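Start counting the sequence shown at 10; every next residue gets the next number (my numbering).
Glycine is no exception: its CB is placed at the ideal position from the N, C-alpha and C atoms.
On a predicted model such as this, the values are computed, not experimentally measured, just so you know.
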Amino acid sequence: MNTSLLTRGPSGGDVFARIIEALRNDGYIILNNVFAIEQLQRLFIDIKATDDRQFHAAGIGREQERHVNDFVRRDRIRWLDRSHAPVVFYLDWAEQLRQRLNRELFLGLFDYECHYAHYSKGAFYKRHVDAFKGLSNRRLSTILYLNPSWQAGDGGELVMYAGEGQTVLETVSPAFGSMALFLSEEFPHEVLPAKRSRYSLTGWFRINNTDSLNLDPPK
């Protein structure tokens, strides 16, 4: 594995250093050109070729409290791991980032979980946070967008808020190859209704909450 290809984006520079500095100062970063066009096309072709039966309705909550709520979110997802060849390069990149984050920011990240997400026309995800303080093992959220030729009128933007109020921090178009990374507990966000199919590869770096009473992740 050529580590330099994982840490340097197609436009050059140390992408991981930019991510670390932004997380240290702001808690989030919006990036473009993290991956080469050939890599992005590989993921797009794969997600488009995925049989719809392999996607399932996304839920809210975790473990025993997890349930589907169409009022809150209407995306469909497919969980991914290293057995799925088209995403291995991306998981290699995530692993290199995990190690670098732990070394420089001492985040104690244990692993990374991710899925494809498909928002069909009209689908949305209302305002939420990816992790509640002290109650979740998700520490850092990542979203890589896989939407060629996305136009301003196509909707589906990620809206990030500054804390509990209504102040909008960022409005992110899900354009092909753009990527958002943010601390999972810190930033409420929503996905506005998509006006055509919207695809992403969404994931979370997690800490390990295993103790004498609980196994994390649960078997």
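Does the contact criterion of 3 or more C-beta pairs under 8 angstroms hold for the region 111-120 versus the region 156-174?
no
Helix, strand or coil: which one does DSSP assign to Leu32?
helix
Could you tell me which residues DSSP puts in a beta bridge with Trp213?
Glu122 and Ser150
Is Lys135 helix, strand or coil when you go by DSSP?
strand
For Ala67, which three-state DSSP category applies?
coil
Spatial neighbours of Gln73 within its chain, please: C-beta separation below 8 angstroms, excluding the five flanking residues on both sides.
For Gln73, the predicted model reports a pLDDT of 40, less than 50, meaning its position is unreliable and no value from the coordinates is stated.
With a threshold of 6 angstroms on Cβ separation, who are the neighbours of Glu169 within its own chain once the five nearest residues in sequence on each side are excluded?
The sequence shown places Met at residue 169, rather than the Glu named in the question. Excluding sequence neighbours, Met169 sits near Leu178, Glu179, Phe196 and His198.
What runs of the alpha helix (DSSP H), each 4 residues or longer, lie entirely inside the region 160-200?
none
May I ask you to report which of helix, strand or coil DSSP gives Ala203?
strand
Give the single residue among Arg27, Leu118 and Arg136 whose Cα lies nearest to the Cα of Thr176.
Arg136
Rounded C-alpha distance that separates Val81 from Pro202:
12 angstroms
Contacting residues, own chain, Cβ-Cβ under 8 angstroms from Leu7 (five flanking each side not counted)
Since the first and last residues shown for the chain are 10 and 228, residue 7 lies out of range.
Is the separation between the beta-carbon of Phe191 and that of Leu106 shorter than 8 angstroms?
no
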